[in-house]
Structures are given as structure tokens and as C-alpha cells.
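**Student:** Take a look at this one; I'll ask things after.
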Amino acid sequence: MVSMPKPPHQRTSSNRSSNTSPSSRTSTSRASSGGVRPRKRTMSKRKRAMYRRRRLVFFGGLLVFLIVCVLCVYSLIRGAVAAHEWIGAADRMAVSRSAVPAPPKKSKVKDCTAKNLQMTLTPAADVVPLGGSLEFTATMTYVGTDPAGCFVDGADDARVLVIRSGADTVWRSDACEAAYRPLLMMEGVTDERKIVWDTVRSGDECKASAELPHVDRGTYTAQLVIDGDTHVESEPVTITVG
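Just so you know, we're using our numbering here: the sequence shown kicks off at -7 and counts up by one.
This is the structure:
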């Protein structure tokens, strides 16, 4: 009796899996469990240069914008200051114009002359003691015929009392400045003023009588004159100091 040969032994899937190499199993298990790290993406040089250019353009534009804003603010401030100064200067000019008086209109009335003004000097006494004082009355009278009259300054430094000793001028009432005293002399107008001489000698400077030396005993003449017009004067009068 002939025996039949056995069919060849077939491997099962379990045997194949058992025969798989350890390294294959290890890689498979790592892949399935996510153990493999993904590769890090690197940026190319071209992209890095492009991003640098973009940043430079952005920050450059921002810097230019800030500079323009600063210049605009500075210009506005300068303009406001200039406008304020201009307005202040205009106000000051307006104030100065209003403060300056308008020039007086020229009058058709002329200054008094020897033809229309008469001056008289009258002393209170003919004799005055040494170191004493003597009062004079200065009178101005209009003797003209013009209805408009004439102008004259009646202040003591314009209508001047002069005391002389011979050719020597001893004292003048215009040694000290006096307030302007304009007078319109017309028909029937007379002006009288009192002037006191303390029997002192005046100098070039304005000083009080207490600071001036007294004159010596002697005979003196007193006369009224108009400063600037030697033709307008009174008759001289003689007084004695002693």
C-alpha cells in the first residue's frame, strides 16, 4: 500500500507577523504613536530679505510721518506767536497814535510887539534894606488896534524882570524855568503879576534864594523885557539897597 505525500505547510498570518523584524515593528509603533517629530520649516534668504525691506519701508514711512507732524505743529505755533505779536504791535501803534496829540493849528493871531503891547514895572518901594526883599508889580496892556489882538507868554521866564547894576546884570527872573502862560491880549485887556526880588545875585543855575549871595549896598535898576524880543521892554526904575 502506497502512502500519499503530505501537502506543504502553509504559514499563517500570525506566523508572518511573528517573523517580522524588531526594527520594523519599532518604526511602525513610533509612526502609529506620533513619536516622530515634524521637520522645522526654514525661511529662505530671499524671503528674509523681503521682510527686512518691508520693515525698513514701514519704519521709514513712520519716521517721515512723525517728522511731518512735528513740523506742522511747529509751524502752527510759530504762526500763532507771529499773529499775536503782530496784533500787539498794531495795538501799541494805535495807542501811541492816540497818545500823540495832534499838532496845534497855526493861529492867525500874531505875537505881541512893541507897537501893540505896553509894559509897566512898579516897585513897592524905592528903598529896600540890605538882605531884604522887594515886590514888583509887572503890568502888560494891549495898545494895538487889531481886533484879533496878539499873543504873549506871561510866565516869569518869558516876561523877564532884570535887575542891573550899571552894565552888570545882577538878577533875572528866568534863572529858573516857569510854567508856560499864554495870554491873548486884546482891546481893554490888562495883565498884572507880582514878582519878588530877595536882593540876591543869580547865576547860570537855578537855585533857591537862600542859596544865593546877597548884593551889596548901592543903586540898582529894574526893568521888564520880553525874552527873544529886545524891543518890547518897560521903562527902567531905580531902587536903592542899603
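Backbone N, C-alpha and C define an ideal beta-carbon position, used for all residues, glycine too.
1. Ignore the nearest five residues each way along the sequence and tell me which others in V192's own chain have a CB closer than 8 Å to its CB.
2. Kindly list the residues whose CB is nearer than 6 Å to the CB of A150, restricted to its own chain and excluding five residues on each side of it in sequence; keep chain order.
3. Can you tell which of D145, R38, M178 has its C-alpha closest to the C-alpha of A171?
4. Just how far apart, CA to CA, sit L55 and V49?
5. Across which residues does DSSP place T213 in a beta bridge pair?
6. Check for me: the beta strand (DSSP E) holding R185 runs from which residue to which?
7. Grab me the residues of A140's own chain with a C-beta within less than 7 Å of its C-beta, minus the 5 sequence neighbours each way, in chain order.
8. Give a yes or no on whether the C-beta atoms belonging to L176 and D183 are separated by under 7 Å.
9. Where do the ends of the beta strand (DSSP E) carrying Y172 lie?
10. Is the Cβ-Cβ distance between R173 and A147 less than 7 Å?
11. Evaluate Y43 with the Cβ neighbour count: other Cβ atoms within 10 Å of its Cβ, from every protein chain shown; 16 or more gives buried, anything less gives exposed.
12. Any idea what DSSP makes of M42, helix, strand or coil?
13. Please list the terminal residues of the continuous beta strand (DSSP E) segment that includes C168.
**Tutor:** Based on what the coordinates show:
1. Residue numbering aside, residue 192 sits at position 200 when the sequence shown is read from its first letter. By the criterion of a C-beta distance shorter than 8 Å, V192 is surrounded in its chain by W163, S201, L204, P205, H206, V207, once the five residues flanking it on both sides are discounted.
2. As a working note, residue 150 is residue 158 in the sequence shown. These residues qualify, in order along the chain: D219.
3. Position 179 of the sequence shown holds residue 171. When D145, R38, M178 are compared, the shortest CA-CA separation from A171 is found for D145.
4. For the purposes of this step, residue 55 is taken as residue 63 along the sequence shown, with counting starting at 1. For the purposes of this step, residue 49 is taken as residue 57 along the sequence shown, with counting starting at 1. Counting only the Cα atoms, V49 lies some 10 Å from L55.
5. Residue 213 sits at position 221 when you count from the first residue of the sequence shown. Beta-bridge analysis with DSSP links T213 to R156, T230.
6. Within the sequence shown, the letter at position 193 stands for residue 185. Looking at the DSSP string, the run of the beta strand (DSSP E) that includes R185 is 182 to 189.
7. As a working mapping, residue 140 is identified with position 148 in the sequence shown. Once the five neighbours on either side are set aside, the close Cβ partners of A140 are K100, V101.
8. The residue you call residue 176 lines up with position 184 of the sequence shown. The residue you call residue 183 lines up with position 191 of the sequence shown. Cβ atoms of L176 and D183: not closer than 7 Å.
9. As a first step, residue 172 must be located in the sequence shown, where it is residue number 180. Neither: Y172 is in no beta strand (DSSP E) and is coded neither H nor E.
10. Here residue 173 refers to the residue found at position 181 of the sequence shown. Here residue 147 refers to the residue found at position 155 of the sequence shown. Yes, the pair counts as a contact, with Cβ atoms nearer than the cut-off.
11. In the sequence shown, counting from the first residue as 1, residue 43 sits at position 51. With fewer than 16 other Cβ atoms within 10 Å, it is exposed.
12. Residue 42 sits at position 50 when you count from the first residue of the sequence shown. The answer is helix: DSSP assigns M42 an H, G or I state.
13. Locating residue 168 in the sequence shown gives position 176, counting from the first residue. Where C168 is concerned, there is no enclosing beta strand (DSSP E), given that its DSSP letter is neither H nor E.
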